[in-house]
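Written out below as structure tokens is the structure these notes cover.
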Amino acid sequence: MKMNEEQLVKKCLAKDAVAQKLLFDHYSRRMMGVCLRYARDNDEAQDVLQMGFIKVFEKLDMFNFKGSLEGWIRRIVVNTALDNIRKNKKFMNDVEMDRVDFQLQNYNENAVDYLSAKDLLKIIQGMPKGFKTVFNMFAIEGYSHKEIAEELNISVNTSKSQYSRARAHLQKILIEENIIER
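168 is the number that numbering that gives the first Met the number 0 gives to position 169 of the sequence shown; each next residue is one higher, with no gaps.
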């Protein structure tokens, strides 16, 4: 039996285990991709995914059908990933600023288009935690620097700086891997 989103949510709210599994199975793969962008490794991403879906099911009664269910779930998963970062207090300690060459020029904005999603994910996972978090939030999730600053309890300028450094770090990797030219 095929259900629409509203029917699926209502069945989940009624504690229908089959519907809950359907919801998880339908969205977990995409949300795992989100988790991998914020986590150190696959195990941490799995933990964040699990915690995120627990929150999804706990808060499902708050979903009002005014946006996409996927977008609502994504926001919870991103917030769970950010909570995990804050809990581990590694955001500011992992910023390896001295290891980034800030003199890189001729950054090709479209270079990322030539990478596979798997290769890009590997590069993002290799970024220092501070770079990775701000890069994901700004470039991928679409948060403003002001929103990032509020979420991470940092200044707007720190958010902008981290994003700039993340881009320089990404560019450096792309040059080293001969994906773009210097």
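For glycine and all other residues, C-beta sits at the position ideal for the given N, C-alpha and C.
Alpha carbon to alpha carbon, what distance is there between residue j and residue i?
i: residue 9; j: residue 47; result: 25 Å
i: residue 62; j: residue 174; result: 44 Å
i: residue 153; j: residue 40; result: 24 Å
i: residue 120; j: residue 135; result: 11 Å
i: residue 248; j: residue 125; result: Lying outside 0 to 181, the shown extent of the chain, residue 248 is not represented and no answer is given.
i: residue 55; j: residue 44; result: 16 Å
i: residue 130; j: residue 137; result: 11 Å
Could you please give the first and the last residue of the uninterrupted alpha helix (DSSP H) stretch that includes residue i?
i: residue 22; result: 16-37
i: residue 137; result: Unbroken run through residue 137: none, as it is neither H nor E.
i: residue 65; result: Note, residue 65: premise wrong, no alpha helix (DSSP H); not H, not E.
i: residue 153; result: Residue 153 -> no alpha helix (DSSP H), and no H or E assigned at all.
i: residue 10; result: 4-12
Would DSSP call residue i helix, strand or coil?
i: residue 162; result: helix
i: residue 40; result: coil
i: residue 182; result: Nothing can be reported for residue 182, as the shown portion of the chain is limited to 0 through 181.
i: residue 117; result: helix
Compute the distance between the beta-carbons of residue i and residue j, then report whether it is under 8 Å.
i: residue 163; j: residue 144; result: no
i: residue 128; j: residue 84; result: yes
Under the assumption that residue i contacts residue j (Cβ atoms under 8 Å), give the Cβ distance between them as a whole number of angstroms.
i: residue 4; j: residue 68; result: 5 Å
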